[in-house]
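In our numbering, the protein residues as written are 46 to 340.
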């Protein structure tokens, strides 16, 4: 085990607190936004009925790290522009739309994994974050989002996310497949960063070697794909691990394109979902957390 891994596993609390202070300090010129208190925890409706799970007993515990999930308006041409569960259009601010795919089950199982595999003090429940809620987004140094072929940020939301990232935030994007979904994804990402290139993350990048050496990366299919006897949809057969760097070489955004890491977390306790996919998805996620909290 490399020295940095040993230090992280044995002294995760110190490393994380240092990163949290660095991540939430951002730019002092925006003190008006930083003065916003974190929004209280709230449970929204999930897009998938089997993702509605019971609250853990310790859900209100104050901890060092929280799995924050980005809420967003759905794309009008997206896969879930008319959520089947609710029989029609729904206000994305109340859940039940694309952003709540895998939520909250995947978030809580991943939080449990981070608890077990590191010494990070992790909250057992997630934190949905609406970019329209004043400065609340700046209270959460880590954000994850899924179904990225379905997001359609407004210009003000995109600029808020851009500011969040340039001031030290980290965004993990997952579960979008093929050319059509990539193009819909870019409708919003090109507003966030019209001036920054999306690149393939090199195999030797530190993000793949934080706690686990992730030398072999392969498609992580969703449960939906396995039920259909495949591992992907549309023309999304080849997995890509892409990112956007800041001017100092820090990854601000990571993308698992043509993979479904969210399902690898969501179904990690199911005997019907192959362990090799959950193992890879959890290792990548844990590495991403360690990277976000130390870079």
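Yeah, the Cβ is synthetic: ideal placement off N, Cα and C, and Gly gets one too. Predicted model only: the values in this text are computed from it and were never measured.
Considering only residues of the same chain and omitting the five flanking positions on each side of residue i, which have a CB-CB separation below 6 Å?
i: residue 70; result: The pLDDT assigned to residue 70 is 40, lower than 50, so where the model puts this residue is not dependable; a value taken from the coordinates is nonetheless given after this. Counting only Cβ-Cβ distances below 6 Å, and skipping sequence neighbours, we find nothing.
i: residue 151; result: 307, 310 and 311
i: residue 253; result: 259
i: residue 73; result: The predicted model places residue 73 with a pLDDT of 37, which falls under 50 and marks its position as unreliable, so this point remains unresolved.
i: residue 246; result: 286 and 288
i: residue 340; result: 295
With respect to the alpha helix (DSSP H) encompassing residue i, which residues constitute its N-terminal and C-terminal limits?
i: residue 122; result: Here residue 122 belongs to no alpha helix (DSSP H), and DSSP marks it neither H nor E.
i: residue 307; result: 306-311
i: residue 230; result: 223-237
i: residue 330; result: 320-337
i: residue 290; result: From DSSP, residue 290 is part of no alpha helix (DSSP H) but of the beta strand (DSSP E) over 285-290.
i: residue 207; result: 200-211
i: residue 297; result: Counting along the chain, residue 297 falls outside any alpha helix (DSSP H), though it belongs to the beta strand (DSSP E) covering 296-302.
i: residue 279; result: Residue 279 -> no alpha helix (DSSP H), and no H or E assigned at all.
i: residue 21; result: With the chain covering only 46 through 340, there is no way to say anything about residue 21.
Assuming residue i and residue j form a contact by the criterion Cβ under 8 Å, report the distance between their Cβ atoms to the nearest whole angstrom.
i: residue 337; j: residue 186; result: 7 Å
i: residue 302; j: residue 170; result: Between residue 170 and residue 302 the Cβ distance is about 28 Å, and since that is not below 8 Å, they are no contact.
i: residue 318; j: residue 242; result: That belief does not hold up - the Cβ atoms of residue 318 and residue 242 are roughly 35 Å apart, past 8 Å.
i: residue 188; j: residue 265; result: Incorrect: roughly 20 Å between the Cβ atoms, too far for contact.
Buried or exposed: which applies to residue i, given that a residue is buried once 16 or more other Cβ atoms fall within 10 Å of its Cβ?
i: residue 190; result: buried
i: residue 205; result: buried
i: residue 298; result: buried
i: residue 102; result: exposed
i: residue 144; result: buried
i: residue 173; result: buried
i: residue 327; result: buried
Please return the same chain residues whose Cβ sits closer than 8 Å to the Cβ of residue i, not counting the five positions on each side in sequence.
i: residue 203; result: 233, 236 and 237
i: residue 225; result: 194 and 279
i: residue 100; result: 88 and 170
Which two residues bound the contiguous beta strand (DSSP E) that contains residue i?
i: residue 172; result: 172-174
i: residue 189; result: 187-190
i: residue 114; result: 113-115
Excluding the 5 residues preceding and the 5 following residue i in the sequence, name in chain order all residues of the same chain whose CB lies nearer than 7 Å to its CB.
i: residue 160; result: 167
Q) Just checking, does the segment 197-208 make contact with the segment 218-235 on the three C-beta pairs under 8 Å criterion? A) yes
Q: Tell me, please, whether the segment 205-224 touches the segment 156-171 by the rule of three or more beta-carbon pairs shorter than 8 Å.
A: no
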